[in-house]
Amino acid sequence: MYPEQLVAPMRSDLTSAGFSELKTSEEVDNCLKNQQGTTLLVINSVCGCAAGAARPGVKWAVEHAGKKPQQLTTVFAGVDKEAVSKAREYTLPYPPSSPAIALFKDGELVHFVERHHIEGRNAQMIGQHLVEVFEEFC
4 MYPEQLVAPM RSDLTSAGFS ELKTSEEVDN CLKNQQGTTL LVINSVCGCA AGAARPGVKW
64 AVEHAGKKPQ QLTTVFAGVD KEAVSKAREY TLPYPPSSPA IALFKDGELV HFVERHHIEG
124 RNAQMIGQHL VEVFEEFC
């Protein structure tokens with residue numbers, strides 16, 4: 004587990020952009036079980052690709068998309084273990100991945116961006132991809 008003082012700026016990177024943190028398995032279930040509409044879930048991480056591409060790309064997409072998910076949520080890998088474990092149940096059959104970006108529509112996982120799709124890409128590439136995803140599903 005990472006110390007809170009280390010991850011606080013990484014948490015606020017998304018919460019300051021309107022994302023709600025899910026810190027327990029109950030909060031994840033309350034958000035995703037029988038979910039209606041669209042929910043974006045970012046599995047946040049301390050790694051460089053989260054800082055350099057995933058978080059900025061997600062924020063760019065939310066800012067620039069014409070159609071947007073109704074709910075913006077996040078869990079933090081390596082910190083909120085219970086919440087991340089529960090979130091990963093909802094992202095099956097994909098293996099555990101962080102950072103990762105999941106879009107749910109009416110309780111169904113409709114799009115998932117794994118870490119290997121984030122690594123080596125810049126924030127704008129991630130953001131533009133997500134805008135296209137939002138246009139299709141939101």
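Under this note's numbering, the first residue of the sequence shown is numbered 4, with each subsequent residue one higher. Glycine included, C-beta positions come from ideal geometry on N, C-alpha and C. Bear in mind the structure is a predicted one, so any value in this text is a computation, not a measurement.
For residue i, does the three-state DSSP call read helix, strand or coil?
{"i": "Glu138", "result": "helix"}
{"i": "Ala53", "result": "helix"}
{"i": "Gln39", "result": "coil"}
{"i": "Val65", "result": "helix"}
{"i": "Val82", "result": "coil"}
{"i": "Asn47", "result": "strand"}
{"i": "Ala105", "result": "strand"}
Cβ of residue i within 9 Å of Cβ of residue j?
{"i": "Ala68", "j": "Glu138", "result": "yes"}
{"i": "Ala64", "j": "Pro102", "result": "no"}
{"i": "Leu43", "j": "Val61", "result": "yes"}
{"i": "Val78", "j": "Glu7", "result": "no"}
Do you know offhand how far residue i's Cα is from residue j's?
{"i": "Phe107", "j": "Asn37", "result": "11 Å"}
{"i": "Val45", "j": "Ser100", "result": "11 Å"}
{"i": "Asp32", "j": "Gly123", "result": "32 Å"}
{"i": "Arg91", "j": "Asp109", "result": "17 Å"}
{"i": "Ala80", "j": "Tyr93", "result": "15 Å"}
Can you check which of these residues, the options, is closest to residue i by C-alpha distance?
{"i": "Thr27", "options": "Val116, Ala126, Lys89 and Cys50", "result": "Lys89"}
{"i": "Ala86", "options": "Gln74, Glu30 and Tyr5", "result": "Glu30"}
{"i": "Gln181", "options": "Met4, Gln39, Pro59 and Met13", "result": "This structure cannot speak to residue 181, because the chain is shown only from 4 to 141."}
{"i": "Asn47", "options": "Glu66, Leu25, Asp32 and Thr41", "result": "Leu25"}
{"i": "Asn125", "options": "Gly55, Ser19 and Met13", "result": "Gly55"}
{"i": "Ser23", "options": "Glu66, Gly51 and Gln73", "result": "Gln73"}
{"i": "Leu9", "options": "Glu111, Cys50, His119 and Gln39", "result": "Cys50"}
Just checking my contact of residue i with residue j at CB under 8 Å: how many whole Å lie between their CB atoms?
{"i": "Val113", "j": "Ile104", "result": "Wrong, their Cβ atoms sit about 12 Å apart, outside the cutoff."}
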